[in-house]
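**Student:**
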């Protein structure tokens, strides 16, 4: 992709996603992701109804009267975007590729974050860590991230979600909010790594998919290619049993992912390339408020 074309796409995504984050998500983002961390502010005299667990026993002993610790919301948050850049993201049968949907969702979250003075960092992953951009603030930093998302060329085409989640646990020493954005075409079980990561951080899973992964159209003989392995084959989409098997496989896989996220206590949404991701994000934010 030429530099001028990349810049045009970056600008287009900025205009769309920054407007969304300013006009729609500003309050919802704040209430959904703030208040997870509390910082000690001061002490004051105990009042009826205060939680006894907040009593500062050292101050109480000194003044012979109960005092409680007062906490305030930590204003600054670190947001990490764990972005799948494997081969399967270069696919789309509607108006956009999965890769483009990922870029828009990530940019919307990023612009929402900087409005709240939060830091944003990114991990690009395939079946290895492709690139790590440490958390920073500011519009310039976000535009750099968007540019990287649009023009990033991964060394590997395969996926291993484990690698991304384990890297997050290792590299982020303080608690952060992490958005794991992927189609989750991974052959590895990542449930244990996700559970460990979500105990230390606040992890949210965002699944992107194309409708054809769920339902095959009846268009006769079709040549298909696995973007991660390169394997090609012809399938007869006119065969009803094949279409049903394809759909059943999708449903089983979705049930497995739902089970993994539920057991790991991770909030999750699934967004198709033909769907309005704004509504899905708003639903997610509202559920967490």
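Residue numbers (the numbering used here): 73 to 361. By construction, the Cβ of each residue, glycine as well, lies at the ideal position given by its N, Cα and C atoms.
(1) Would you give the residue range spanned by the beta strand (DSSP E) that residue 304 belongs to?
(2) Of all the options 281, 283, 311, which has the alpha carbon lying nearest to the alpha carbon of residue 293?
(3) Please go through the same chain and pick out, in chain order, the residues whose beta-carbon is closer than 6 angstroms to the beta-carbon of residue 128, but skip the five residues on each side of it.
(4) Considering only the beta carbon of each residue, do residue 85 and residue 174 sit closer than 8 angstroms?
(5) Nearest to residue 134 by CA position, among 124, 117, 125, is which residue?
(6) Rounding to the nearest angstrom, what Cα-Cα distance links residue 107 and residue 167 in this structure?
(7) Count the other CB atoms, across all protein chains shown, that sit within 10 Å of the CB of residue 87; report buried if there are 16 or more and exposed otherwise.
(8) Drop a sphere of 10 angstroms on the beta-carbon of residue 104, count the other beta-carbons inside from all chains shown, and report buried for 16 or more, exposed for fewer.
(9) Measuring CA to CA, which of 333, 120, 246, 280 is closest to residue 27?
(10) On the three-state DSSP scale, how would you describe residue 221?
(11) Helix, strand or coil: how does DSSP classify residue 254 here?
(12) From residue 226 to residue 202, what distance separates their C-alpha atoms?
(13) Can you give me the start and stop residues for the beta strand (DSSP E) that residue 208 sits inside?
(14) For residue 198 versus residue 231, is the C-beta spacing smaller than 8 angstroms?
(15) Is residue 226 helix, strand or coil when you go by DSSP?
(16) May I ask you to report which of helix, strand or coil DSSP gives residue 197?
(17) What are the boundary residues of the alpha helix (DSSP H) that residue 267 is part of?
**Tutor:** The answer reads as follows:
(1) Locating residue 304 in the chain shown gives position 232, where the first residue counts as 1. Taken as a continuous stretch (DSSP letters only), the beta strand (DSSP E) holding residue 304 covers 304 to 308.
(2) Against the chain shown, residue 293 aligns to sequence position 221. Looking only at 281, 283, 311, the smallest Cα-Cα distance to residue 293 is reached by 311.
(3) As a position in the chain shown, residue 128 is number 56, starting the count at 1. Its chain contains 115, 139, 141 as the residues whose beta carbon lies nearer than 6 angstroms to that of residue 128, once the 5 sequence neighbours on both sides are disregarded; these appear in chain order.
(4) Sequence index remark: in the chain shown, residue 85 carries index 13 (1-based). Sequence index remark: in the chain shown, residue 174 carries index 102 (1-based). A distance of 8 angstroms or more separates the beta carbons of residue 85 and residue 174.
(5) Reading the chain shown from its first residue, position 62 is the one you call residue 134. Shortest Cα-Cα distance from residue 134 to any of 124, 117, 125 involves 117.
(6) The residue labelled residue 107 in the question sits at position 35 within the chain shown. The residue labelled residue 167 in the question sits at position 95 within the chain shown. Because the pLDDT of residue 107 is 49, which lies under 50, any placement of that residue in the model is unreliable, and the question is left without a value.
(7) Reading the chain shown from its first residue, position 15 is the one you call residue 87. Exposed, since its Cβ has fewer than 16 Cβ neighbours within 10 Å.
(8) The residue labelled residue 104 in the question sits at position 32 within the chain shown. Buried, because 16 or more other Cβ atoms sit within 10 Å of the Cβ of residue 104.
(9) This structure cannot settle anything about residue 27, because the visible part of the chain is limited to 73 through 361.
(10) Here residue 221 is taken as the residue at index 149 of the chain shown, counted from 1. Helix at residue 221.
(11) Walking along the chain shown from the start, residue 254 turns up at place 182. When DSSP states are grouped into helix, strand and coil, residue 254 belongs to the strand group.
(12) Counted from its first residue, the chain shown places residue 226 at position 154. Counted from its first residue, the chain shown places residue 202 at position 130. Those two C-alpha atoms are separated by around 6 angstroms.
(13) The residue you call residue 208 lines up with position 136 of the chain shown. Element bounds for residue 208: 201 to 208.
(14) Residue numbering aside, residue 198 sits at position 126 when the chain shown is read from its first letter. Residue numbering aside, residue 231 sits at position 159 when the chain shown is read from its first letter. Annotated as proximal: residue 198 and residue 231, with beta-carbon spacing under 8 angstroms.
(15) Locating residue 226 in the chain shown gives position 154, where the first residue counts as 1. Three-state result, residue 226: coil.
(16) Mapped onto the chain shown, residue 197 falls at position 125. Note: residue 197 maps to strand in three-state DSSP.
(17) Position 195 of the chain shown, counted from the start, is the residue given in the question as residue 267. Here the alpha helix (DSSP H) through residue 267 covers 263 to 272.
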